[in-house]
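Chains A and B supply the protein sequences, listed in that same order.
So that you can map any letter, position 110 of the first sequence is 150 in this note's numbering, and since no number is skipped, the others follow by simple counting.
So that you can map any letter, position 62 of the second sequence is 102 in this note's numbering, and since no number is skipped, the others follow by simple counting.
The beta carbon of each residue, even a glycine, is placed where N, CA and C say it ideally should be.
Remember, predicted model here, so these are calculated numbers, not experimental data.
2 protein chains.
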Amino acid sequence: MATTPPELDPVDGCCAPATGAGLSELDAAALAHTYAALADPVRLRLLSLIAATGEICSCDLVAPLAKSQPTVSHHTKVLAEAGLITGDKRGRWVHWRVAPARADLVRDLLAP
Amino acid sequence: MATTPPELDPVDGCCAPATGAGLSELDAAALAHTYAALADPVRLRLLSLIAATGEICSCDLVAPLAKSQPTVSHHTKVLAEAGLITGDKRGRWVHWRVAPARADLVRDLLAP
DNA sequence: CCAATAGATCGACGATTGTCAATGCTTTGA
DNA sequence: TCAAAGCATTGACAATCGTCGATCTATTGG
């Protein structure tokens, strides 16, 4: 390794400065968005409740999480926007499930 | 559903208040801490650079990430505190590597 | 010993986030 | 048709976070 730092040009004013190896900035942003959805204890417990029950209604999430209804609604929205869960409204209730395409991933994410 | 929240006592000094299924609050907090470390695009690119090179010095991280030196230092600290990377100081430089115990995990986390 | 360099820490700033009370919308049951 | 229930949205607030300039510490080379 160089005893003198390689001094790649600081920023060439234009495009992504040749990160060379590693994640692209786009991939990094997308990944970070997913991990941000998992970066909250309440959301992790929420997700694990959904994963454990297979399907659960929002009204049955408020009590175990010990959070207000708007707060639970907020967290389900974040997880849904990250594509980790999907909810379908049947009558008065919204039933949440792990997004099918992400089922395996979610299982791994909850027990790493 | 109870219209009144069950009023679990915030913490009963003892055990996890019957979440029933799912993650314990302790496990959730620990997991969330790890995912929080991954919830930033710059840290993900930083981690992928370390993973790609096997070992890299801080001075070689500033340019590819296009962030100031204090910012890079901050991010390496966050990743290290999450146990994802370890750095050893050799002379004037700190060399960063993926934490050996987490190598497999990190590989999966970067290519999910 | 001194000047230079790698890196950490501090202080400050704007931006984002988690939370709840209040309110609005929609669907059901009577 | 009406009251109630499930859920979303809004607005506000404190707390946390990402970033950088300035500064401090430690190590090297001369």
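| Query | Result |
| --- | --- |
| Chain A contacts from the stretch 58-80 of chain B (Cβ-Cβ distance under 7 angstroms) | Thr59, Gly60, Ala61, Gly62, Leu63, Glu65, Ala68, Ala69, Leu71, Ala72, Tyr75, Ala76, Leu78, Ala79 and Asp80 |
| Under the three-state DSSP convention, the category Asp80 of chain A falls into | coil |
| Interface flag, Leu84 of chain B vs chain A, CB-CB below 9 angstroms | yes |
| Ala103 of chain B, buried or exposed, once every other Cβ within 10 Å from all chains shown has been counted against 16 | buried |
| Inter-residue spacing [alpha-carbon to alpha-carbon] between Leu63 of chain A and Ile96 of chain B | 16 angstroms |
| Residue-chain proximity (Ala120 of chain B, chain A), Cβ-Cβ < 9 angstroms | no |
| Selected residue, minimal CA-CA separation from Arg83 of chain A, among A:Gly94, A:Val118 and A:Arg132 | A:Val118 |
| Closest by C-alpha distance to Pro140 of chain A, when choosing among A:Ala120, A:Lys129 and A:Arg132 | A:Ala120 |
| Strand pairing of Cys97 of chain B, partner residues [DSSP] | B:His135 |
| Contact under 9 angstroms by Cβ, Leu124 of chain B with Leu78 of chain B | yes |
| Simplified DSSP state of Lys117 of chain B, which is helix, strand or coil | helix |
| Through-space distance from Leu149 of chain B to Tyr75 of chain A, alpha-carbon basis | 9 angstroms |
| Chain-ordered neighbours of Ser145 of chain B on chain A, where CB pairs are closer than 9 angstroms | Per the sequence shown, the amino acid found at residue 145 of chain B is Leu instead of Ser. What Leu145 of chain B touches in chain A: Pro152. |
| 6 angstroms Cβ shell around Arg142 of chain B - same chain, five flanking residues per side excluded | Leu124 |
| Extent of the continuous beta strand (DSSP E) run through Arg147 of chain A | Arg147 of chain A -> not in any beta strand (DSSP E); alpha helix (DSSP H) instead, spanning Ala143 to Leu150. |
| Thr145 of chain B versus Trp136 of chain B: straight-line alpha-carbon distance, rounded | It is worth fixing the name first, because residue 145 of chain B is Leu in this sequence and not Thr. Approximately 17 angstroms between the Cα atoms of the pair. |
| CB-CB length for His115 of chain A against Leu86 of chain A, believed under 8 angstroms | 5 angstroms |
| Contact under 9 angstroms by Cβ, Ala91 of chain A with Val138 of chain A | yes |
| Identity of the residues DSSP links to Gly127 of chain B by a beta bridge | B:Trp136 |
| Nearest candidate by alpha-carbon position, reference Ala61 of chain A, set B:Leu101, B:Asp67, B:Val112 and B:Asp80 | B:Leu101 |
| Distance, Asp128 of chain B Cα to Val134 of chain B Cα | 5 angstroms |
| Buried or exposed (CB count within 10 angstroms, at least 16 for buried), Ser88 of chain B | buried |
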